[in-house]
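Read in numbering that gives the first Met the number 0, the sequence shown has 124 at position 125, and its numbers run on one by one without any break.
Working notes for the structure below.
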Amino acid sequence: MGNLLKKAASPAVLNLAWKKLKNDKAIWEHGISRKEMEKDFVFHITRLAEELASGSYRPAQIRMFPVLKGDGKKRVISALTLRDKLAQRAVLFVLNPIGEAMFHHDSYGYRAGHSIDMVMARVREHLNCGWYWLVDGDIKSFFDNIPHRSLKKKLKKTLSDRELLKLIFQWLDIGAPRTGILTQRRGIPQGAVISPFLCNFYLTEFDRHLSAHNLPFVRFADDFLVFTPSKKDAHAALACVEVGLTKLGLQLHPEKTRVVPSNPNVIFLGRKLPGKPRKRSG
0 MGNLLKKAAS
10 PAVLNLAWKK
20 LKNDKAIWEH
30 GISRKEMEKD
40 FVFHITRLAE
50 ELASGSYRPA
60 QIRMFPVLKG
70 DGKKRVISAL
80 TLRDKLAQRA
90 VLFVLNPIGE
100 AMFHHDSYGY
110 RAGHSIDMVM
120 ARVREHLNCG
130 WYWLVDGDIK
140 SFFDNIPHRS
150 LKKKLKKTLS
160 DRELLKLIFQ
170 WLDIGAPRTG
180 ILTQRRGIPQ
190 GAVISPFLCN
200 FYLTEFDRHL
210 SAHNLPFVRF
220 ADDFLVFTPS
230 KKDAHAALAC
240 VEVGLTKLGL
250 QLHPEKTRVV
260 PSNPNVIFLG
270 RKLPGKPRKR
280 SG
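Below you can see the structure in the form of structure tokens.
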């Protein structure tokens, strides 16, 4: 067993992971409620640790159900068993330090110690430098469209623990069943504990692409702003954004992406953006 998975399956990490789930009412596994599981808590936790360590762990089938979004369209949310949530939470404890060492400092979503207030402070910093023309961007169906082949390739380059990789790949595959023999699997399940980490992990290459082209930005999951000094520069930045996403097998949402000057009609993460201050007459 690799060192990362060994640590994730340790009593200390499983105990920390369990504390994160203290208010979760999901069933432990099919046929066993949380209340029933807690009657034999030591047995079930020990068995999970042994399954993770031995490689015999297999995730339960994910239940999926649609919820309405603000625009009236539906989003499919995944519901995991508590056993699988605990396993993913334990793995996340060992993955987070690796992610924090590689994630871009202007990526704010799903990261401990990062808040929307911090995003807005960074936004004001860029605007105060005169970068008022924006690419207000949204990635089309991001969670549903992440290509597994590309994601797995990047994970293999980053993680040397083969047993841990095998475990993560199980979670990916069960959350996105193949729809045809030649069809590539896509998508990570929304609602899975590990999905936010995979979101930031996959988009780190996009963040680096923007930085390499000297484009200031802030990103919160699949929503982002790119800052430029002029309308012409903003359109050039939009083209650069499209190139970066295409390399990842992703696309911009055509109805939610625009070139626009910063103003109070632009809402980002629920906050109104400031407009360009008027010059004072002498």
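We treat Cβ as the ideally placed atom computed from N, Cα and C, and that holds for glycine.
- When DSSP assignments are scanned along the stretch 98–154, the uninterrupted stretches of alpha helix (DSSP H) that are 4 or more residues long and fall wholly within it turn out to be 115–127, 141–144.
- Closest in C-alpha terms to residue 53, from the list 1, 195, 134, comes 1.
- Here the alpha carbons of residue 165 and residue 151 stand approximately 10 Å from one another.
- Shown here for residue 260: same chain residues with a beta carbon closer than 8 Å to its own, the five before and five after excluded, namely 131, 132, 133, 230, 274, 275 in chain order.
- Assigned with DSSP and collapsed to three states, residue 28 falls in strand.
- Scanning the stretch 161–219 from its first residue to its last, the whole beta strand (DSSP E) runs of 3-plus residues come out as 216–219.
- A straight-line Cα-Cα distance of about 16 Å links residue 265 and residue 120.
- DSSP, read as helix, strand or coil, puts residue 228 in coil.
- About 25 Å separates the Cβ atoms of residue 159 and residue 248, ruling out a contact at the 8 Å cut-off.
- Per DSSP, the unbroken alpha helix (DSSP H) holding residue 46 starts and ends at 40–53.
- Of the residues assessed, residue 15 falls on the exposed side of the cut-off, its CB having fewer than 16 other CB atoms within 10 angstroms.
- Nearest Cα to residue 200 within the set 244, 162, 154: 154.
- With fewer than 16 other Cβ atoms from the protein chains shown falling within 10 Å of its own Cβ, residue 21 counts as exposed.
- Per DSSP, the continuous beta strand (DSSP E) segment holding residue 260 begins and ends at 257–260.
- In the DSSP assignment, residue 15 falls within the unbroken alpha helix (DSSP H) covering 10–18.
- Per DSSP, residue 59 is not a residue of any alpha helix (DSSP H), being assigned neither H nor E.
- Look at residue 96 here: in three-state DSSP terms it is helix.
- Excluding five sequence positions before and after residue 43, the CB atoms of its chain that fall closer than 7 Å to its own CB belong to 27, 36, given in chain order.
- Residue 251 sits in a strand when the DSSP states are folded into three classes.
- Boundaries of the alpha helix (DSSP H) harbouring residue 3: 2–7, taken from the DSSP string.
- In this structure, residue 234 lies away from residue 217, with their beta-carbon atoms at least 7 Å apart.
- Judged by beta-carbon spacing, residue 77 lies beyond the 7 Å limit of residue 146, meaning their Cβ atoms are not closer than that value.
- Inter-residue distance for residue 48 and residue 227 is about 50 Å (C-alpha atoms, whole angstroms).
- By the Cβ neighbour-count rule, residue 128 is exposed, with fewer than 16 other Cβ atoms within 10 Å of its own.
- 209 is the residue among 40, 209, 220 whose C-alpha sits nearest the C-alpha of residue 246.
- If the five residues before and after residue 7 are omitted, its C-beta is found closer than 6 Å to the C-beta atoms of 89, 90, 93, all from its own chain and listed in chain order.
- A direct Cα-Cα distance of roughly 7 Å separates residue 215 from residue 125.
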